[in-house]
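Numbering (the working numbering), first residue to last: -4 to 201.
Glycine included, every Cβ here is placed at the ideal spot set by N, Cα and C.
Inspection log for the structure reproduced underneath, given as structure tokens.
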Amino acid sequence: GRVRFQPRIVPGSRECAELVQMGEADLAFVQGGIGIDGELPRLETPNPEAVLWFIRQGVNGPAQVHKVLTSMENEGSHTVAKTFMESWKIGEQVSFTHDWKSLAAEAAWQVPPDVDAVFVVKDLSDEATLRAAGRLAENKFELRTPEGGARLSRLDYLRPVTITPGFLEATGPNPPQPVETYAVATFLVARRGLTPRLLAEAAHLL
């Protein structure tokens, strides 16, 4: 009862980061991988999302990947995807198509035949995520481990996590075996000058 929130809905984390940076929002949820001014107070939320890395059957790893399906351009999934591609030294050979929303929401939409892989950061409990994962399995895409290595170990928003067999679909099962991947943190970021009391109150509610 001491704090009131007025929500503002934006396309993605990039816009959230810009609004809080400019002082046009008091608080913003920003996915890890999006640039955040180091001077802005931030708290890690208790509900991270996960990296999902699907490769088409017959493609034998990142070196053979040339076209990747992901979410909106320059938002969370795309930004994290580019970081992984650069760590794998395939950034210059990869192009992106931003069609995850169509895959998840449009039953008639078909994965283009030239898509080699899919890279997104999503909530594993979300129905749209589970629906898209099922469609990818039907189209012969396999959930794989996105190898991180030393180059990604310094990133404070990544944590190793395991997707257990059948977690995405029990009857499939999908995946058929454990898959090591990464949890991607989401941060509650405060604008400059937000009072400690208000930030503490927001943290309590979070």
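Integer-rounded CB distance, given that residue j should sit under 8 Å from residue i
i: V63; j: V89; result: 6 Å
i: A127; j: L98; result: 5 Å
i: A197; j: L183; result: 7 Å
i: E87; j: R9; result: With 8 Å as the limit, E87 and R9 do not qualify as a contact, their Cβ atoms being about 23 Å apart.
i: T40; j: T181; result: 5 Å
Delimiting residues of the beta strand (DSSP E) encompassing residue i
i: S90; result: 90 to 92
i: R51; result: 44 to 51
i: R37; result: 37 to 39
i: I176; result: Note on residue identity: the sequence assigns Thr, not Ile, to residue 176. From DSSP, the beta strand (DSSP E) with T176 extends over 174 to 179.
i: A153; result: For clarity, residue 153 is Leu in the given sequence; the question names Ala instead. Per DSSP, L153 belongs to the beta strand (DSSP E) from 153 to 158.
Extent of the continuous alpha helix (DSSP H) to which residue i belongs
i: A128; result: 122 to 133
Minimum C-alpha distance to residue i - residue among the options
i: Q59; options: A76, G71, H73, W83; result: W83
i: V174; options: R(-1), F0, F49; result: F49
i: E122; options: V113, Q105, D109, A100; result: A100
i: R139; options: Q52, I4, A145, P6; result: Q52
i: R154; options: L194, E133, P141; result: P141
i: T190; options: G30, P6, P36; result: P36
heavy atom of the ligand NAD below 8 Å from residue i C-beta
i: E10; result: Of the ligands one can find in the structure shown there are none, so the ligand NAD has no counterpart to examine.
C-beta atoms of residue i and residue j nearer than 9 Å
i: G220; j: Y152; result: Residue 220 cannot be examined here, being either before or after the span of the chain that is shown, -4 to 201.
i: V54; j: D111; result: yes
i: T65; j: V15; result: no
Measuring CB atoms only, is the region 11 to 20 touching the region 72 to 83, in the sense that at least three cross pairs come out at less than 8 Å? no
Quick test of the definition: if touching needs 3 or more C-beta pairs under 8 Å, does the region 24 to 40 touch the region 122 to 136? no
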